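348 is the number that the working numbering gives the last residue of the sequence shown; the numbers go up by one with no jumps.
Reading through the structure tokens given below for one structure.
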Amino acid sequence: MVDKKLVKNKLADLAGYYKELKLLINEPVKEILDNNLKLRSVERLFQLVVDAAIDINTHLIAESDIKVPDDYQSTFITLAENKFLPLDFAVKIAPSVGLRNLIVHKYSRVDSNKMIEDVKKDINQYLEYMRHINQAID
């Protein structure tokens, strides 16, 4: 059974990280790139946003007796297939897990300028994500 309180708490965490990240990424890219503390804060806050969503996704999947997908990126698609998220939206937001993995695991040299631009482009999807999840559990 879905623990609505747990999901609401995770959504509140996500909203807090989102708000902090939005403040940072509204600054000029050069200002972020020239300040390692700001750059690392952008990286970490983006990771926290994505991680909170993954936690929500995995809880909803586990507690709804849905087949667990092979990777975290696929959790968004699985939620769409089970009517928690619109499919077109899930397809759009799922790749943000790849950016999170690139930042966290440093699979290759991260182009910080591109990373900031991608975060700026992707972050508003999480505002929409929060709306969809709230609607799905209410």
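Where is the CB? At the ideal position from N, CA and C, for every residue including glycine.
Everything numeric in this text was worked out from a predicted model, so none of it was measured.
Judged by DSSP secondary structure, Tyr282 falls outside any alpha helix (DSSP H); it is assigned neither H nor E. Residue environment analysis places Met340 among the buried positions, since at least 16 neighbouring C-beta atoms fall within 10 angstroms of its C-beta. A check of alpha carbon separations from Phe286 across Lys229, Asn236, Val260 identifies Val260 as the nearest. When DSSP states are grouped into helix, strand and coil, Val278 belongs to the coil group. Shortest Cα-Cα distance from Met211 to any of Ile276, Leu258, Lys220 involves Ile276. Scanning the segment 231-316 from its first residue to its last, the whole alpha helix (DSSP H) runs of 4-plus residues come out as 239-243, 246-273, 283-291, 297-303, 306-315.
Between the segment 239-254 and the segment 286-301, the count of C-beta pairs closer than 8 angstroms stays below three; the two stretches do not touch. Annotation for Val320: Leu312, Ile313 place their beta carbon closer than 7 angstroms to its own, counting only its chain and skipping 5 residues before and after.
Between Leu309 and Tyr228, the C-beta spacing is not below 8 angstroms.
In the DSSP annotation of this structure, the continuous segment of the alpha helix (DSSP H) that includes Ile326 starts and ends at 322-332. The beta carbon of Asn323 sits closer than 7 angstroms to those of Val239, Leu243, all from its chain and outside the five residues before and after it, given in chain order. Rounded to the nearest whole angstrom, the CA to CA distance from Val217 to Ala272 is 13 angstroms. Cβ neighbours of Ser274 within its own chain (closer than 7 angstroms, five residues either side excluded): Val212, Asn292.
Taking Lys331 as reference, the option from Leu289, Thr288, Leu231, Ala225 with the minimal CA-CA separation is Leu231.
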